[in-house]
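Heads up, the sequence shown stops at 333 in full-length UniProt numbering, and the numbers go up one at a time, no gaps.
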Amino acid sequence: MRIARWADGADVGEGFVDGDLVVPFPDGLRVAEVLAQGLSAASALYERRDRAAARPLAEVRLLAPLVPASIRDFVAFEEHVEGVSASVDGKSEVVPEWYEAPTFYFTNPHTVRATGEVVAIPETQRLDVELELAAVIGAVPGSDGENVDAATAARHIFGYTVMNDWSARDLQSREMKVRLGPAKGKDFAMTLGPWIVTADELEPYLDAEGFLAVRAELFINGELVGHDLVSNMGWPFAELVAYAARNSVVVPGDVLGSGTVGNGGCLGELWGRRGALDPRPLEPGDEVRLVIEGVGEVVNVVGERVAAPPVRRARERSRARERGDAAGVTAGR
């Protein structure tokens, strides 16, 4: 099954993609409600779909397939870490700690973009793309999503969608020197789409350890820049979900990105390996297309840079411990 959200004039529809049609969910349900019911319930809804209420897919505009409850993005591809560390941190390496457990960061669920959108960008000179596959969490009977093992975590994977974790590498490099982040280098945009493909559709691509052997491709202005198999992840998706829930919880609507695939899944990896900005950073007007076998593709055009209010430098402070001892505080630089 493919599950989508779409705009039809001023109306928003949510339901199934059935061939070249979009069909609203029965009972006026929304994607969030279907995720909260789980995959089995979604299958039952699919059997009840009313094709008389369908619209041609070509006549609607696809929206992001869900409004995420949260977005965690992992860094699960060793080859990506090798290359991008040189361009962001100035040193090509995979630290020993990377192998111990899958690492992720939380990013902004409020700046999610859909396929077909023009994506406005910050004032960056090193705009990059990140080709990823993301898992979408659904409900599982008998599980609250807290501290789950890998077997239960696998059942919580409702489906998958294509992810583009847009990245401003110059902003990212500066802020991560403070040993926190990424933050403003990432949170301006995230593309998800074109729809959610339910987990059962990708079962033929699973190997014995649970890795998904689907091909992922990145095209910029029609040129193939990188490609990889998602099965080159260091951990299968079920283990990423279990780690996210470790002493914590995953809930329906959570999105978990695989991290950028290797072999040119982003420009930063290639910059690090080549020691130069080759290919050049993205610029307004560039078309970026991400394709993942069995899931679909998202296409965006890079928009114009958007100026933001200036940021003041930190002010030197006296480090006085009592209010009466604050003499000598220097002005901000």
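Beta carbons are placed, not taken as given, at the ideal position from N, Cα and C, and that holds for glycine.
{"Query": "Using only the alpha-carbon positions, how far apart do P281 and A114 sit?", "Result": "22 Å"}
{"Query": "Which residue marks the beginning of the alpha helix (DSSP H) containing D170, and which one marks its end?", "Result": "R169 to M176"}
{"Query": "Could you tell me the alpha carbon to alpha carbon distance between W195 and D170, rounded to whole angstroms?", "Result": "31 Å"}
{"Query": "What do you reckon, are the CB atoms on T191 and N164 nearer than 8 Å?", "Result": "yes"}
{"Query": "Report, in whole angstroms, the separation of the C-beta atoms of D254 and A69, which I expect to be a contact under 8 Å.", "Result": "5 Å"}
{"Query": "Based on the DSSP secondary-structure assignment, which residues constitute the bridge partners of E59?", "Result": "E59 is not bridged to any residue."}
{"Query": "Quick check on DSSP: helix, strand or coil for P182?", "Result": "coil"}
{"Query": "How would you call S248, buried or exposed, if buried means at least 16 neighbouring beta carbons within 10 angstroms?", "Result": "exposed"}
{"Query": "May I ask you to report which of helix, strand or coil DSSP gives V84?", "Result": "helix"}
{"Query": "Find the nearest neighbour of L202 within the set G285, W235, E293 and S167, judged by alpha-carbon distance.", "Result": "E293"}
{"Query": "Which whole-angstrom value is the C-beta distance of C266 and L66, which I expect to be below 8 Å?", "Result": "Between L66 and C266 the Cβ distance is about 24 Å, and since that is not below 8 Å, they are no contact."}
{"Query": "Between G275, P141, G193 and G264, which lies nearest to D128 when the distance is taken from Cα to Cα?", "Result": "G264"}
{"Query": "Please state whether the Cβ-Cβ distance between E14 and P26 is less than 8 Å.", "Result": "no"}
{"Query": "Cutting at 7 Å between CB atoms, please list the residues of its own chain near N147, excluding the five before and the five after it.", "Result": "A245, R246 and N247"}
{"Query": "Using the DSSP secondary-structure output, state which residues sit across from G296 in a beta bridge.", "Result": "I292"}
{"Query": "Taking F74 and L256 to be in contact with their CB atoms under 8 Å, please state how far apart those CB atoms are, rounded to whole angstroms.", "Result": "7 Å"}
{"Query": "Should the region 151 to 158 be called in touch with the region 101 to 119, which here means at least 3 C-beta pairs below 8 Å?", "Result": "no"}
{"Query": "Quick check on N232: does DSSP put it in helix, strand or coil?", "Result": "helix"}
{"Query": "Who are A134's beta bridge partners in DSSP?", "Result": "T161 and G257"}
{"Query": "Under the rule that 16 or more other beta-carbon atoms within 10 Å means buried, what is P182, buried or exposed?", "Result": "buried"}
{"Query": "Excluding the five sequence neighbours on either side, which residues of its own chain have a C-beta within less than 7 Å of the C-beta of L290, listed in chain order?", "Result": "L131, V162, N164, L218, E297 and V298"}
{"Query": "Taking the alpha-carbon positions, what's the A36 to D207 distance?", "Result": "28 Å"}
{"Query": "Could you give the residue range of the beta strand (DSSP E) that holds A7?", "Result": "R2 to D8"}
{"Query": "Got a sec: does the ligand MG put a non-hydrogen atom nearer than 7 Å to the Cβ of A4?", "Result": "Because no ligand of any kind appears in the structure shown, any question about the ligand MG cannot be addressed here."}
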